[in-house]
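Participant: The letter at position 398 of the sequence shown is residue 387 when you use this note's numbering, and the numbering goes up by one with no holes.
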Amino acid sequence: MPFVSFVAFVKFRDLTPFFNTHSMIFIKIVLVAYVAGGCIYWLFLLYIILRVIKSIPLLENLKYDKSRKWPKVSVVIPACNEADTIEDAIQSRLQDDYPNIEILLIDDRSTDGTSEIIDKIAAQDERVKAIHIKELPDGWIGKLYAMHRGVQEATGSWFLFSDADVFIKPTTLKRAIAYSERRKLDHLAVFPEMYPTNFLLDTVLSMFIRMLCTWTRVWAIEDEKSKAFVGSGSFNLVRRTAFEKTKGFEWLKLEVCDDVALGQMLKKSGARSSLVNGRRYVGVHFYRSLGEMAIGSERAIFTVFGNFSAVRLFVMSLISFALEMSPFFALLMGDIPYIRLLGLTMIAVVLVISISVNRWMNRAILPALFLPIGITIMTICNIRAAVLGAKRGGIIWRGTFYPTELLKKGRRLDFQFFSFK
C-alpha cells in the first residue's frame, strides 16, 4: 500500500502543471467574459442615456402665451418634520406668477415646529390653506393619507402633488400647464435639479440620477400602447378629471414609492403622461449629508429595489457593483492581451455618460468623474438597507414603523428595471 500511494502521488504531481495550466486558462476565460459583459452593459447605458437626453424636453425651453386664461391649480404638499426647509420652499412657490392657484399644506403629525410654520404661512397669504393631521388611520402610510386629505379639500381643475422641500422658480407652473394643455396631457412629471451638497454625496447623486434615467423607456411614456410610466415626488401635475378615473390614493395607501406608483396608476387608467427636465426651474436638496441619504433611502432601497428581500438586495448590489466597476477592474488584468486597452476604452465611455448626464441636469462635472467612490458608497448603503430591513422586519418612514407583510399586501407598483414593454 505505501508503494501504491507513492506511485499515485508521483503521478498526481506530474499532472499538477496540467491542472494549473487549465485552471489559469479557465480563470482567464471567466475574466474576459466578465469584462465583455461589462462592456455590453456600458454600451447599452450609453445608448439609453443618449436617447433619454434627446427625447426629454427642457422645462426652460417650453413656451407659453402670457394672455391666455389659466385653469385653477391645487398644489397639494404633504409635510412631516420639514421645519428646516418648508418656509423658504413655500415662499418660492408663492413668488411664482401663476394667477390662479391654491396651496394646500398638510401637516402630517409633525413634531418639530412644521405645524406652526404652516399656520404662519397660511395666515400671511390667502392662497394657502393649512390642514393638520393628528392621527394616522390604520392601513395608511402617512404621506399617502396626507395627499388623500389634500385632494378632498382641493378645488382646482389640476392637482400638483409636490414634496415640501421643493423650490420653484417663477413661470414654472405656466410653462408646465401650457405644455400639458397644448399636448393634451393628463399627467406631467418634472424631473428636478438636485442641488449640490458636498463632494462625496454629489458623487453618489451623480450615479443615482444616471440610474434613474436608465430604468425605464422614458421616451415611450407618451405612447399609449407602451407600459412605460413615470412619476416625480417633486412635481407630479395631474388633471383632475384624469385622477377621478383612477382608484385614487385609497388604492395606493400602503405604497411606499407613491410618486412613481401614481404615474403608473394614471397610465393604466388611460391617462396620457409625459416627462420634462426641470433643471434651473424645479430644484431640491435631495439629501444634505451621507448619513441623511443612508437613512432616507432605506425605504425605497429595501422595498423597491430589494423587493422586501435582503438576499435579493445583497445579490443585486454586488452584481451592480461588479458591472459598474468592470472597466476599472480590467486595468488590473495586465497579463491578458488587450484587456487593459479595452478597459481604458470603456472608461472613456463611462466618462462620456457621466459628463453628459451631469451637464444635462445642470450639475458639476467633477463628482461625475469619481464613479468608483460613488458606487462603493451606494453599495454600502444598499447592504445597510438590506440588513436593517431584515432585522426590523419592515421600514421606518417619517417616524412610523411599517412591517414588511403589511407593505407587501398594499404594494401596487409593478416596477421592472430596464422595462421595454
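Cβ coordinates follow ideal geometry from the N, Cα and C atoms, glycine included.
Could you tell me whether the stretch 237 to 252 touches the stretch 281 to 301, using the rule of 3 or more Cβ pairs below 8 Å?
Facilitator: The stretch 237 to 252, when compared against the stretch 281 to 301, does touch it at the 8 Å Cβ threshold.
Participant: Quick one: grab the DSSP three-state call for VAL193.
Facilitator: Here residue 193 corresponds to residue number 204 of the sequence shown, with the count starting at 1. Here VAL193 sits in helix by DSSP.
Participant: By a C-beta neighbour count over all protein chains shown, 10 Å radius and 16 as the cutoff for buried, is LEU333 buried or exposed?
Facilitator: Numbered from 1 along the sequence shown, position 344 holds the residue referred to as residue 333. Burial call: exposed.
Participant: What separation, rounded to the nearest whole angstrom, lies between the Cα atoms of ARG138 and ILE95?
Facilitator: Here residue 138 refers to the residue found at position 149 of the sequence shown. Here residue 95 refers to the residue found at position 106 of the sequence shown. So the two alpha carbons sit approximately 8 Å from each other.
Participant: With a CB to CB cut of under 6 Å and the five nearest residues on each side skipped, what residues in its chain are close to ILE110?
Facilitator: Here residue 110 is taken as the residue at index 121 of the sequence shown, counted from 1. The answer, listed in chain order, is ILE79 and VAL117.
Participant: Taking the runs of the beta strand (DSSP E) that are 3 residues or longer, which of them lie wholly in the stretch 198 to 259?
Facilitator: The stretch 198 to 259 contains these whole beta strand (DSSP E) runs: 225 to 228.
Participant: May I have a chain-ordered list of the alpha helix (DSSP H) segments no shorter than 4 residues that lie completely inside the stretch 300 to 382?
Facilitator: Counting only runs of 4 or more, we get 328 to 349 and 360 to 381.
Participant: Quick one: grab the DSSP three-state call for SER56.
Facilitator: Taking the first residue of the sequence shown as 1, we reach residue 56 at position 67. Three-state result, SER56: coil.
Participant: In whole angstroms, what is the alpha-carbon distance linking LYS242 and VAL293?
Facilitator: Position 253 of the sequence shown, counting from 1, holds the residue named residue 242. Position 304 of the sequence shown, counting from 1, holds the residue named residue 293. If I take the Cα positions, the gap works out to 16 Å.
Participant: Indicate whether GLY363 and MET196 have their beta-carbon atoms separated by less than 9 Å.
Facilitator: The residue given as residue 363 occupies position 374 in the sequence shown. The residue given as residue 196 occupies position 207 in the sequence shown. Yes, they are a contact pair.
Participant: Could you tell me which whole beta strand (DSSP E) segments of length 3 or greater appear in the stretch 109 to 162?
Facilitator: As far as the stretch 109 to 162 is concerned, its whole beta strand (DSSP E) runs of at least 3 residues are 117 to 122, 147 to 150 and 155 to 157.
Participant: Near MET(-10), what residues of its chain come up, given a Cβ to Cβ distance below 7 Å and the 5 sequence neighbours on each side ignored?
Facilitator: Numbered from 1 along the sequence shown, position 1 holds the residue referred to as residue -10. Note that MET(-10) scores a pLDDT of 47, beneath 50, so its modelled location is shaky and nothing firm can be said.
Participant: Measuring CA to CA, which of GLY222, LEU39, VAL19 and TYR168 is closest to ARG348?
Facilitator: Stepping through the sequence shown from its first residue, residue 348 is reached at position 359. Considering only alpha carbons, the answer is LEU39.
Participant: Assuming LEU358 and LEU340 form a contact by the criterion Cβ under 8 Å, report the distance between their Cβ atoms to the nearest whole angstrom.
Facilitator: Residue 358 sits at position 369 when you count from the first residue of the sequence shown. Residue 340 sits at position 351 when you count from the first residue of the sequence shown. Right, the Cβ-Cβ distance comes to about 7 Å (below 8 Å), so this counts as a contact.
Participant: Measure from the alpha carbon of ALA283 to the alpha carbon of each residue in PRO185, ILE385, ARG229 and PHE318, then state which is nearest.
Facilitator: Sequence index remark: in the sequence shown, residue 283 carries index 294 (1-based). It is ILE385 whose Cα lies nearest to the Cα of ALA283.
Participant: Between which two residues does the beta strand (DSSP E) harbouring LEU264 extend?
Facilitator: Position 275 of the sequence shown holds residue 264. Its beta strand (DSSP E) spans residues 262 to 266.
Participant: Of the residues LYS132, ARG277, LYS43 and CYS28, which one's Cα is nearest the Cα of ARG387?
Facilitator: For this step, residue 387 is matched to residue 398 along the sequence shown. With distances taken between Cα atoms, ARG387 lies closest to LYS132.
Participant: Please classify ALA337: is it buried, with 16 or more other beta-carbons within 10 angstroms of its beta-carbon, or exposed?
Facilitator: Position 348 of the sequence shown, counting from 1, holds the residue named residue 337. Answer is exposed; the Cβ neighbour count stays below 16.
Participant: Grouping DSSP H, G and I as helix and E and B as strand, with all else coil, what is THR389?
Facilitator: Start at 1 with the first residue of the sequence shown, and residue 389 comes out as number 400. In this structure, THR389 counts as strand in the three-state DSSP scheme.
Participant: Note down the Cα distance separating LYS158 from GLN84, rounded to an integer number of angstroms.
Facilitator: Reading the sequence shown from its first residue, position 169 is the one you call residue 158. Reading the sequence shown from its first residue, position 95 is the one you call residue 84. So the two alpha carbons sit approximately 8 Å from each other.
Participant: What's the gap between the Cα of ALA412 and the Cα of MET305?
Facilitator: The question about residue 412 has no answer, for the chain in this structure spans -10 to 410.
Participant: How do the stretch 138 to 156 and the stretch 51 to 68 stand: do at least 3 beta-carbon pairs fall below 8 Å, yes or no?
Facilitator: Verdict: yes, contact present.
Participant: Thinking C-alpha only, which one of THR365, GLY102, THR393 and ILE325 is nearest ILE16?
Facilitator: Counting from 1 along the sequence shown, the entry for residue 16 is found at position 27. Cα-wise, what sits closest to ILE16 is ILE325.
Participant: Return helix, strand or coil for ALA(-3), following the three-state DSSP convention.
Facilitator: Here residue -3 refers to the residue found at position 8 of the sequence shown. The pLDDT assigned to ALA(-3) is 41, lower than 50, so where the model puts this residue is not dependable; a value taken from the coordinates is nonetheless given after this. The answer is helix: DSSP assigns ALA(-3) an H, G or I state.
Participant: Do you know whose CA, among VAL19, PHE303 and ARG164, lies nearest TYR87's CA?
Facilitator: Reading the sequence shown from its first residue, position 98 is the one you call residue 87. Of the listed residues, the one whose Cα sits closest to TYR87 is ARG164.
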